[in-house]
Every structure is written in structure tokens, then in C-alpha cells.
Amino acid sequence: MKILVTGSNGQLGSELKEISGDFPEWHFIFTDVDDLDITDEKSVDAFFRKNKPSFIVNCAAYTAVDKSESDMQAAHQINAVGPGVLAMASKKHDVNLIHISTDYVYDGQNYKPYEEFDPVNPASVYGKTKLAGERLIRSANPDTVIIRTAWLYSSFGNNFVKTMLRLGSEKDSLKVVFDQIGTPTYAYDLAQAILEVIANSNNNPSNSLSGIYHYSNDGVASWYDFAVTIFEITGLHCKVLPVLTSEFPTPAKRPHYSVLNKSKIKTTFNIEIPYWKDSLKLCIEKIQKTNEYGK
Numbered sequence: 125m126k127i128l129v130t131g132s133n134g135q136l137g138s139e140l141k142e143i144s145g146d147f148p149e150w151h152f153i154f155t156d157v158d159d160l161d162i163t164d165e166k167s168v169d170a171f172f173r174k175n176k177p178s179f180i181v182n183c184a185a186y187t188a189v190d191k192s193e194s195d196m197q198a199a200h201q202i203n204a205v206g207p208g209v210l211a212m213a214s215k216k217h218d219v220n221l222i223h224i225s226t227d228y229v230y231d232g233q234n235y236k237p238y239e240e241f242d243p244v245n246p247a248s249v250y251g252k253t254k255l256a257g258e259r260l261i262r263s264a265n266p267d268t269v270i271i272r273t274a275w276l277y278s279s280f281g282n283n284f285v286k287t288m289l290r291l292g293s294e295k296d297s298l299k300v301v302f303d304q305i306g307t308p309t310y311a312y313d314l315a316q317a318i319l320e321v322i323a324n325s326n327n328n329p330s331n332s333l334s335g336i337y338h339y340s341n342d343g344v345a346s347w348y349d350f351a352v353t354i355f356e357i358t359g360l361h362c363k364v365l366p367v368l369t370s371e372f373p374t375p376a377k378r379p380h381y382s383v384l385n386k387s388k389i390k391t392t393f394n395i396e397i398p399y400w401k402d403s404l405k406l407c408i409e410k411i412q413k414t415n416e417y418g419k
């Protein structure tokens, strides 16, 4: 079985690449923008005809949330047009598509964990383009799996954990917002979950498992809690000062509440989701071994 992974140089794609060796019975094809332009319909069609994948995992995304506000066309191409092209190709070539989406499709005004059927109302260009991608996918090929995730971090790439580790070793104190609530999500755990989805779907070829799912680690935290825990785990002596979002104005509006209900993905695919602090410890240990705080 061949599994095509797009956006393989990002955090999630890199995690999939690293654990792919644990699945010798599957053949993985890892691509990024230099290998495959997912917005080019002819190129995608030709790639599918040549490589004949059984599954696509679309990790490709324009994730610069603030930059999206002024670079709307690029964000729309990568987050909306590209996924739509992949969905059309997956329908034409009878390929299973798993697409990664985001909590930013919600406005963050909820008072309880978001379920998959809750109304969507993105407040940023990033969120709007990701929602457009979801809709283009479901229009072109309803038999797909869309996984919405949130607060992703990894030992690969740039992310909040690495930033805090670097700044925490340089400064005596840091200001971090405490009025945005969600769940830190280790990309390694999401990668493992995706491969479990593939295994389940491969054993159930009727496409009855298609639909929208939520995945993040278990538990709840603010960005302030996240930072405090990073320093507790590492023993860095950096005081974290809680501040309001209004004290740190950004071009893009962030959801104040991004907690996701994961019951559906747990039940459907029999997935156990780790507690966020346990996964954070594992990720920090890996980062410390490679000494890649700022990379």
C-alpha cells in the first residue's frame, strides 16, 4: 500500500516521516512544494497516475496566521485550492484522502469543547481559507477524512515550545496570554493517530469512516499554563507573567476558546489520546537531546 504525504517538511509531515519506518508493510511517498504543487491540477493528476497511491495525507498548509491577513491569495491557494485539487484527484483515481484542518474554523466563543457538528465561524483569513478547503474537499469527494487539530508543536520546525525554551534560557521573565484556552498537541501523537486511521480505513473499505473528526491531546490549558509547564519540566528559572490578549494585538484574531471534543475519533478508530503534559515531557526530552531550541 502506498501512502502519499504532502507538506512533509512541516511539523506533522516530519513526524510522519520519522515514524514511517515502524510500518515496513507500507510504502510512503513524502513530498513538499518542490516535489508536488498541490494547486496544479495537471501536475497532481500526473503524479497520481504515475505513483498510484492508496492514501493521501495532506499536511500541506499556509500556517503563518498573521501573515495570512495581508497575503490572502497565497493562503487561499494553499489552504483552499490545493486541498480541492487533491480531493478531485482522489475521487478520480479512487484514493483515500485524509486532510488536516484547524480549530480556527471556529470563532472561539464556545463555553464547552467543540464538537464536529458545532457551527463554524472563522474570525481570521487563515481560518476562512482552511474552512474553504474543507468545503471544497467535501464537495469534490465526500468520502474523505478531515481531522481538525489545534496548538500543534513538535521537535521539528518552529513552534511555541522551542520559542519558550530559547527565550526562557535568555530572559528572567516573559509575558504570555492567559485568556486563550485550548490544548497543546504533540504532532507525534497526531501522526500516530493518522496512521491508526489509515489502518482502520484500510480494513473497512466501504468509506463509512469518512467525515470530520477532532484530534488534540487530552486536557485543557492556557498559553500561560503551557509556558509555565515548559519551564517546570526543564527547570528553567524564567518567571511567566499572565497578560490579556488585548495587551498583545496581532493582525489575526485568535480564538479565545479552542478546546476540542475528541469522543468521535476515539470511538470510531479506537484511539487512546495522551494527556498533554505527558506528551510535552517526551517532546522536550527529544528537543534537549538534539539541542535544537531555536530551529
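Our numbering numbers the first residue of the sequence shown as 125 and each following residue consecutively. Each residue gets a CB set at the ideal place from its N, CA and C atoms; glycine is no exception.
- Between L333 and N324, the gap from beta carbon to beta carbon is short of 8 Å.
- Of the residues S370, M288 and D342, the one whose Cα lies closest to the Cα of Q412 is M288.
- With a threshold of 16 other beta carbon atoms within 10 Å, H200 meets it and is buried.
- DSSP places S370 in the helix class (H, G or I) of the three-state scheme.
- Comparing alpha-carbon positions, the option among S194, S370 and F355 lying closest to V364 turns out to be F355.
- For V249, no beta strand (DSSP E) run applies; the uninterrupted alpha helix (DSSP H) run containing it begins and ends at V249 to A264, by DSSP.
- Here DSSP, grouped into helix, strand and coil, assigns R290 to helix.
- Excluding the 5 residues flanking it on each side, L260 has same chain C-beta neighbours closer than 8 Å at A204, V205, P207, G208 and A211, in chain order.
- Here R173 is exposed: its Cβ has fewer than 16 other Cβ atoms, across all protein chains shown, within 10 Å.
- By the criterion of a C-beta distance shorter than 7 Å, V189 is surrounded in its chain by S248, Y250 and A376, once the five residues flanking it on both sides are discounted.
- Here T307 is buried. Its C-beta has 16 or more other C-beta atoms within 10 Å.
- Each residue's CA atom was taken as its position, placing P148 and D242 some 39 Å apart.
- Where Y337 is concerned, the enclosing beta strand (DSSP E) starts and stops at G335 to H338.
- With a 10 Å radius around the Cβ and a threshold of 16 neighbouring Cβ atoms, L160 comes out buried.
- Using a Cβ-Cβ distance cut-off of 8 Å, the region 227-246 and the region 367-383 are in contact, since at least three pairs of beta carbons, one from each stretch, lie closer than that value.
- With fewer than 16 other Cβ atoms inside 10 Å of its own Cβ, S297 counts as exposed.
- DSSP places T414 in the uninterrupted alpha helix (DSSP H) bounded by W400 to T414.
- In the three-state reduction of the DSSP assignment, T187 falls in the coil class, being assigned neither a helical nor a strand state.
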